[in-house]
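**Q** After the structure tokens below, expect a handful of questions from me.
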Amino acid sequence: MGISPARAGDEPPVELWRQQMSGPAHSLTLPDVAGRLRDISYVAIDGQAVTEGDISLGRVGDVAGGRLHFPGVLPEKESPRPEGVPDDTCTRGPSGAGVSDASALWPKGRVPYVFDPGLPAAVRDMVGKAIAGFTAGTCVRFVPRTDERAFVRILAGTGCYSMLGMRGGQQDLSLGTRCNYLGTVIHELMHAIGFHHEHNRSDRDGSVDVHLENVTPAYRSQFQKVAAERNRLLGDFDQNSVMIYGNRAFSANGLDTLVAKNGQALTDPYAKTGFSGADLIAVRQMYGC
22 MGISPARAGD
32 EPPVELWRQQ
42 MSGPAHSLTL
52 PDVAGRLRDI
62 SYVAIDGQAV
72 TEGDISLGRV
82 GDVAGGRLHF
92 PGVLPEKESP
102 RPEGVPDDTC
112 TRGPSGAGVS
122 DASALWPKGR
132 VPYVFDPGLP
142 AAVRDMVGKA
152 IAGFTAGTCV
162 RFVPRTDERA
172 FVRILAGTGC
182 YSMLGMRGGQ
192 QDLSLGTRCN
202 YLGTVIHELM
212 HAIGFHHEHN
222 RSDRDGSVDV
232 HLENVTPAYR
242 SQFQKVAAER
252 NRLLGDFDQN
262 SVMIYGNRAF
272 SANGLDTLVA
282 KNGQALTDPY
292 AKTGFSGADL
302 IAVRQMYGC
């Protein structure tokens, strides 16, 4: 996979993790799915509580009150598996880390969406290219919304962010200034269908070293792993995944915070031409293609 300026306009790209450092950090501590206390650090962007650089946990007021959406990390109410969502009997493929809560998957892999009226034409075009990649390589279908209750609203907010998997009702996905790169758009759509960051997989320690001594102290919690018992691992760790951050994510001193054990350079999503081959296989497996 090469490096590509796949974008529209002349704005420099957003390194997604830098968004976490764009305002005052807020935090709360809650029991995770295994009952262990977990620190959740977030920043307010457009009234959304954003963690890990670009994952929306919900509205700030709700999150401050302990009502947040973080499937696979924090406990979710038990929900029946929606019609059209596959079970967990698929074989392991090359890569991917998806949510383990079936209620966060889109039934039959069908994702209704609407464009906010203020979304620029150039961004709509880039979303179309990203959607075409899903259509060509997976069974997931992003379809214009008609009257579906659960849908994604794609808007030009402040920066780039998405919720993790399906929440129900309207959920916002922002592609604001400096987000109009193909890799970034695919990254946010992958979050929307239920994929975690690759570098937070429960099994990452065999593939990457995390140098917390180089991480800005307030953001060390951004590297917490997803609990093994709630992380749907769809194959081995993928250094080329569109879901991984670059070597210097959240760096306090300009030194590397993420280092691949095989010596490969890690690049941010905006610098990628699109999916890795393993990303596409992981989507197909999670949605039973």
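Numbering (the working numbering), first residue to last: 22 to 310. Heads up, the beta-carbon is just placed ideally off N, CA and C, and yes, glycines get one too.
Taking contact to mean at least 3 C-beta pairs separated by less than 8 Å, is the segment 32-42 in contact with the segment 148-163?
**A** The segment 32-42 is not in contact with the segment 148-163.
**Q** Tell me the DSSP bridge mates of V161?
**A** For V161, which the question treats as bridged, DSSP gives no partner whatsoever.
**Q** With DSSP run on the structure shown, which of helix, strand or coil describes K150?
**A** Residue state, collapsed to three classes: helix.
**Q** Pull up the CB-CB distance for T278 and V236, whole angstroms please, since I reckon it's below 8 Å.
**A** Confirmed, about 5 Å.
**Q** If G158 sits next to A177, beta carbons under 8 Å apart, how far is it from one beta carbon to the other, in whole angstroms?
**A** At roughly 27 Å, the Cβ-Cβ gap does not stay under 8 Å, so G158 and A177 are not in contact.
**Q** Go ahead and pull the three-state DSSP assignment for Y266.
**A** Note: Y266 maps to coil in three-state DSSP.
**Q** Could you please give me the residues that DSSP links to T72 through a beta bridge?
**A** In DSSP, T72 forms a bridge with I76.
**Q** Quick one: give me the first and last residue of the beta strand (DSSP E) that Q192 is part of.
**A** Where Q192 is concerned, the enclosing beta strand (DSSP E) stretches over Q191 to L196.
**Q** Please say whether A281 and Q306 have beta carbons closer to each other than 9 Å?
**A** For Q306 and A281, no; Cβs fall outside 9 Å.
**Q** Can you give me the C-alpha to C-alpha distance between K251 and L58, rounded to a whole angstrom?
**A** The residue asked about is misnamed: residue 251 is Arg in this sequence, not Lys. C-alpha separation (whole angstroms): 15 Å.
**Q** Hey, could you find the ends of the beta strand (DSSP E) D50 is sitting in?
**A** The sequence given here has Thr at residue 50, not Asp. Segment H47 to P52, the beta strand (DSSP E) holding T50.
**Q** Starting from L301, trace the alpha helix (DSSP H) both ways and give me its first and last residue.
**A** Unbroken alpha helix (DSSP H) run through L301: G298 to M307.
**Q** Below 6 Å CB to CB, which residues in the same chain sit around S183 once its five sequence neighbours on both sides are set aside?
**A** Result list for S183: L194, E209, H212 and A213, in chain order.
**Q** Could you name the residues of the same chain whose beta carbon sits closer than 6 Å to that of D300, not counting the 5 residues immediately before and after it, in chain order?
**A** So the list reads S262 and V263, once near-sequence residues are dropped.
**Q** Which residues in the same chain as P26 place their Cβ atom closer than 6 Å to its Cβ, once the five residues preceding and following it in sequence are excluded?
**A** Any reading at P26 is ruled out, since the residue's pLDDT is 45, under 50, leaving its predicted position unreliable.
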